[in-house]
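Here the sequence shown stands for residues 1 to 608, numbered as in the numbering used here. From the three backbone atoms N, C-alpha and C, an ideal C-beta is built for every residue, glycine too. Model, not experiment: these values are computed from the prediction.
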Amino acid sequence: MCGIIGYCGNKAAKPVLLDGLKRLEYRGYDSAGLAVADSNKLAVIRAVGKVCDLEKKGIARPLPGHYGIAHTRWATHGRPSEENAHPHCDCQEKIAIVHNGIIENYLDLKEELLAKKHVFKSETDSEVVAHLIEEYYSGDLEMAVLKTVQRLEGTFGIAAIHADNDSQVVIVKRGSPIIIGVGENEYFAASDANALLPYTQKIISLNDDEMAVLHAAGYHIKNLNNEFLQKEIEICENRDALADKKGFEHFMLKEIFEQPESIENAFRGRLIESEGVSKLGGLEPVKERLKSLKKIVIVSCGTSYYAGLLGRYIFESLSELHVEVEVASEFRYRKLKIDKNTAVLALSQSGETADTLAAIREAKRKGALILGIVNVVGSAIAQITDAGVYNHAGPEFGVASTKIYTSQLVILTLMALLIGRYQGISYAEGSEVIQAIKKLPRQVKKILTDMEHIKKIALDYAQYKDFLFIGRLFNYPTAMEGALKLKEISYIHAEGYPAGEMKHGPISLIDEQFPTVAIVSRDCTFEKMLSNIQEIKARSGRVLAVASQGSSRIGDICDDVIWVPETLPILQPVLNIIPLQLFAYFIARHKGCDIDKPRNLAKSVTVE
Ligand code: M6R
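Rendered as structure tokens:
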């Protein structure tokens with residue numbers, strides 16, 4: 001979602017800011033802008049569209065200034081337009097701010113500022129921040145920002161500059177990430193460490209209600225009580241080397257092909273074969289609480305939510321836990337019974353998703369044990385949880401999540417195995433799961449070697465405007481995830497349904513123009529799935545099956561089949577989703593869609 005970069009140092013700020021913005025593009029945005037200060041004046045450039053459009057607009061302007069701020073905006077309040085793009089300025093055009101998050105009380109503040117004759121130029125909530133700073137400014141930007149944020153309700157990561165405060169960038173955080181980058185005689189602010197590479201790997205994370213002043217000669221950090229804070233510098237991994245498509249046409253395809261490795265990383269060093277159990281270092285501190293756990297509530301969004309739905313089946317198969325799964329944005333409105341014997345488990349690739357963060361904050365208030373499965377090390381969700389497990393899957397740049405989903409499924413299985421072995425599953429059952437997990441990377445590789453066949457089928461189906469994806473039990477969440485992949489990157493309407501529900505409504509949609517993708521495994525639902533497919537065929541519906549090898553009857557009744565290797569039912573979703581990821585990818589590619597940055601979507605969804 002929105003991205004922030006700020007710079008002060010000995011270089012010209014504009015190229016650094018533009019480069020930083022390009023590194024934030026993967027997060028998703030619809031307009032961009034920058035402000036550079038020089039000789040007591042601000043130069044502000046904004047553009048709708050991509051960072052390269054902003055670059056084109058700024059090309060003729062040399063802007064020699066050495067400090068500035070920049071932003072990629074994903075529209076919330078007000079459509080994508082030049083006026084609504086950040087940075088926003090005060091009436092005198094001396095102050096510029098960029099903001100991520102939402103100012104919930106902006107209407108009240110705006111009314112107050114309008115009464116004081118401030119003139120607003122945008123429809124955004126963010127612009128009030130610039131005008132409030134103007135109200136409080138009397139020569140000291142830091143104090144004006146401090147007084148301003150004390151008036152703000154909502155979430156924010158803010159960076160501000162003033163044309164008269166030479167080489168000073170003031171940043172503040174509540175709920176929306178913003179970090180400091182420490183270079184050699186230069187300092188950066190960014191919403192995401194990706195923006196700072198390759199300038200520096202030294203970063204300082206801010207907690208909520210902390211602020212920092214960066215200037216050419218150094219920086220200082222304070223809390224909102226105006227007290228100085230000392231913070232450690234962390235060295236973040238050089239993700240720059242990883243932000244390379246390595247010859248693949250898109251990050252999404254590269255990430256699909258990374259799955260044998262990311263799955264292996266999810267279980268490497270985490271299996272104790274001799275005891276038929278898993279070992280998750282991140283859960284050690286809460287081991288005793290896990291032993292007495294009665295209930296687990298999984299909260300997450302989007303693809304992570306579908307992984308959570310599978311988590312329910314996995315925990316139910318391997319443990320005695322009562323499991324509930326909630327879309328994070330609904331969780332805080334539910335009256336769920338949560339107590340100290342309940343764990344709330346957040347699943348999140350980014351570790352920044354605002355809905356998931358809000359859900360676990362609420363659960364924490366209710367006394368639950370907060371666990372997480374998170375990919376981004378040190379992210380907000382990782383910081384809030386009591387204990388958790390990292391995916392160690394490497395960065396995922398494609399907006400459509402692929403390798404994190406399969407990694408989440410493997411880690412959920414490891415977690416369920418750990419708790420299940422406390423609660424009664426046998427050594428033999430545990431060992432069977434371990435052996436099956438170890439085979440997954442090879443099995444995924446095998447599916448990937450079938451890419452040309454999957455591509456051919458995808459191109460054959462690319463003409464359709466609507467799709468149904470159906471499955472039962474473990475294949476039901478897979479159907480939903482397969483449909484989500486197709487709709488988000490190809491803009492084709494697709495719905496994931498439990499196959500048994502077809503006859504209760506959706507079957508009326510079926511005709512020769514409405515194909516179905518049926519996910520079929522040789523588990524207890526096999527015969528019922530065959531009947532559901534027959535019902536679709538009887539209504540002239542075309543059926544593509546993703547099926548476990550060896551189920552020959554599928555080949556007889558379906559129009560097309562993509563075969564996948566067989567594993568334990570709880571792990572079959574890890575394999576079944578791979579052809580569906582490729583199916584969506586090749587249809588989107590055929591349609592010429594912007595696969596890694598689909599329209600209207602953001603990689604990290606940092607607003608509720
Ligand atoms: O970073 P998270 O896993 O918390 O993100 C959750 C969803 O926003 C995310 O999975 C989204 O649905 C993806 N675009 C799916 O491909």
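- Closest in C-alpha terms to A217, from the list E184, A193, V433 and T200, comes E184.
- Leaving aside the five residues that flank E501 on each side, none in its chain has a CB nearer than 6 angstroms to its CB.
- Secondary structure at M211: strand, using DSSP grouped into helix, strand and coil.
- In summary, Y585 is buried, with 16 or more beta-carbon neighbours lying within 10 Å of its beta-carbon over all protein chains present.
- In the three-state reduction of the DSSP assignment, E127 falls in the helix class.
- The ligand M6R approaches V605 closely enough that one of its heavy atoms is under 6 angstroms from the residue's Cβ.
- Secondary-structure assignment with DSSP links L347 through a beta bridge to I373.
- Cβ neighbours of H250 within its own chain (closer than 6 angstroms, five residues either side excluded): I595 and D596.
- By the neighbour-count criterion, in which a residue is buried when 16 or more other Cβ atoms sit within 10 angstroms of its Cβ, P260 is buried.
- According to DSSP, W563 shares a beta bridge with A547.
- Separation of the CB atoms of I570 and Y313 is rounded to 7 angstroms, and the pair is thereby assigned contact status at 8 angstroms.
- A distance of 7 angstroms or more separates the beta carbons of G311 and L440.
- Taking a C-beta distance under 7 angstroms as the contact criterion, F120 and E111 do not qualify as a contact pair.
- Rounded to whole angstroms, the separation of the alpha carbons of S508 and S431 is 45 angstroms.
- Pairing A159 with V98 gives a Cβ-Cβ distance under 7 angstroms.
- In the structure shown, H504 falls within a helical segment according to DSSP collapsed to helix, strand and coil.
- The beta carbon of G398 sits closer than 6 angstroms to those of F251, M252, E255 and D596, all from its chain and outside the five residues before and after it, given in chain order.
- In the DSSP assignment, C8 falls within the beta strand (DSSP E) that extends over G3 to C8.
- Contact between G49 and S31 holds, with the beta-carbon distance rounding to 7 angstroms and staying under 8 angstroms.
- Between S604 and T353 a beta carbon distance of about 7 angstroms is seen, short of the 8 angstroms cut, so the two are scored as contacting.
- When DSSP assignments are scanned along the region 410 to 475, the uninterrupted stretches of beta strand (DSSP E) that are 3 or more residues long and fall wholly within it turn out to be 466 to 471.
- For the pair L63 and A416, the Cα-to-Cα distance works out to about 57 angstroms.
- T478 has its Cβ no nearer than 6 angstroms to any heavy atom of the ligand M6R.
- For Q349, the shortest separation between its Cβ and any heavy atom of the ligand M6R lies below 6 angstroms.
- Under the three-state reduction of DSSP, N532 is assigned to helix.
- The alpha carbon of Q435 has as its nearest neighbour, out of I272, K591 and D208, the alpha carbon of I272.
- In the DSSP secondary-structure assignment, D38 is bridged to K41.
- With a cutoff of 6 angstroms, V399 counts as near the ligand M6R, since its C-beta is closer than that to a heavy atom of the ligand.
- For E25, no pairing in a beta bridge is given by DSSP.
- DSSP, reduced to helix, strand and coil, places P573 within a helical segment of the structure shown.
- Residues of the same chain with a CB within less than 7 angstroms of the CB of S292, apart from the 5 flanking positions on each side, are N341 in chain order.
- With respect to I203, E232 sits apart: the two C-beta atoms are not nearer than 7 angstroms.
- Contact annotation: the region 161 to 173 touches the region 87 to 95, with at least three C-beta pairs closer than 8 angstroms.
- Boundaries of the beta strand (DSSP E) harbouring Q168: Q168 to R174, taken from the DSSP string.
- Sequence-distant partners of Y422 (beyond 5 residues in either direction) whose C-beta falls short of 6 angstroms from its own C-beta, in its chain, are K291.
- DSSP links Y67 through a beta bridge to C8 and A37.
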